[in-house]
Amino acid sequence: MADLSRAHMEAFLEMMSAERGAAANTLQSYERDLEDLLGFLARRKKSPLTAEVDDLRSYLGHLEAQGFAATSQARRLSAMRQFYKFLYAEGLRDSNPTTILDAPKKGRPLPKTMSEQDVTRLLETAEREASAPDADRVSTLRMLALLELLYATGMRVSELVSLPARVLDQQGRFLIIRGKGNKERLVPLSRSAVAAMQAYREVRKTPEESKWLFPSSGKEGYLPRQVFARELKGLAARAGLKTAAISPHVMRHAFASHLLQNGADLRVVQELLGHSDISTTQIYTHVLEERLRQTVEMHHPLAKQPKNPD
């Protein structure tokens, strides 16, 4: 059986080389993947010609159990499909069992975020620099206002740097943000964000009465997001934080994660972030799952029971 299975695999590789012009690296990859499959089937006393859908599905489950990433599983499945397509075309099988196999789902990577302690260190550093006797008041108070607004609202960096100057005239602790698709949303401001905006307003320079809150002499007329991102990394370095892990987008994620950790509803966070679809906000469900686990451990009576002594 093993020799016959090997012969079928070699015939497939020959076809891929002669008819499809597959590169040597591709052929080697197919050979490695299919040899692993043949070994798995042999242990189940099966061959490529006798294997059923459940056998192949078990093989994919075996790969997952071994810790193969979804991308690696997908590559193995692709090799299997090509191989079984060949066997079917050659009349060696009367069906192709791979046609109904589902591709492994690729998990969405968890968003990078910051701890509440790291955000506090960043803000405290910005405050300290803004209050230093020899500080450049305009640039330091601008940075403090940018940070306070970003962490208070979770705005996209493009929304933040392009805020109109008229927001300074708004009364109360709410801000209207114009986001994607020109949709407007109302977000609350923290007291520290309002104070930072007021302090910045007193020193803000307005070239030719710029209509932007954070004016710039650049083409757009407002602070380029790349400049803000670069200045943020500089501040992070001075705060003793790893600069590679800090960016405006990471602070947006921190805003959402910290809200959920402290009891906010996912739908509320969706609205504040300006996500049109709840599925986009669901990348943060790992935060909710952790909070749920902690709640059960804290409040469920069985979780509080002492362990039996040895």
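Numbering (my numbering), first residue to last: 3 to 312.
The beta carbon of each residue, even a glycine, is placed where N, CA and C say it ideally should be.
Sub-7 Å separation of residue i and residue j beta-carbons
i: M11; j: L43; result: no
i: P190; j: R175; result: yes
i: S164; j: Y224; result: yes
i: L261; j: V271; result: yes
i: V205; j: R139; result: yes
i: L148; j: A195; result: no
i: T245; j: A256; result: no
i: G156; j: R83; result: no
i: S7; j: S49; result: yes
i: S259; j: T127; result: no
i: E131; j: T142; result: yes
i: A91; j: Y32; result: no
Where residue i falls, given that 16 or more other Cβ within 10 Å makes a residue buried
i: L170; result: exposed
i: E161; result: buried
i: L146; result: buried
i: A137; result: exposed
i: L51; result: exposed
i: I178; result: exposed
i: Q68; result: exposed
i: Q75; result: buried
i: A198; result: buried
i: A247; result: exposed
i: L94; result: exposed
i: A71; result: exposed
i: T73; result: exposed
i: A154; result: buried
i: T282; result: exposed
i: A53; result: buried
i: A25; result: exposed
i: A201; result: buried
Whole-angstrom C-beta distance between residue j and residue i, which should lie under 8 Å
i: R46; j: D57; result: 6 Å
i: P106; j: L62; result: 7 Å
i: P250; j: L275; result: The pair is not a contact, with the Cβ atoms about 14 Å apart (cut-off 8 Å).
i: R123; j: G23; result: Not a contact, Cβ separation roughly 57 Å.
i: K158; j: G181; result: Strictly speaking, residue 158 in this sequence is Arg, with Lys absent from that position. Contact holds; Cβ gap of about 7 Å.
i: R187; j: E273; result: 7 Å
i: P226; j: S219; result: In fact, because the Cβ distance is near 11 Å, the residues do not count as touching under 8 Å.
i: L65; j: R77; result: No, L65 and R77 are not in contact; Cβ-Cβ is about 10 Å, not under 8 Å.
i: K221; j: P166; result: That pair is no contact at about 17 Å.
Beta-ladder partner(s) of residue i, from DSSP
i: E131; result: None, per the DSSP bridge assignment.
i: I179; result: R187
i: P99; result: Its beta-bridge partners do not exist; DSSP assigns none.
i: P217; result: Y224
i: P166; result: W214
The ligand SAM heavy atom lying under 6 Å from the CB of residue i
i: F230; result: With respect to small molecules bound, the structure shown includes none, and the ligand SAM cannot be examined in it.
- Are the stretch 93-107 and the stretch 118-128 touching, with three or more C-beta to C-beta distances below 8 Å? Using a C-beta cut-off of 8 Å, the stretch 93-107 makes no contact with the stretch 118-128, since fewer than three inter-stretch Cβ pairs fall below that distance.
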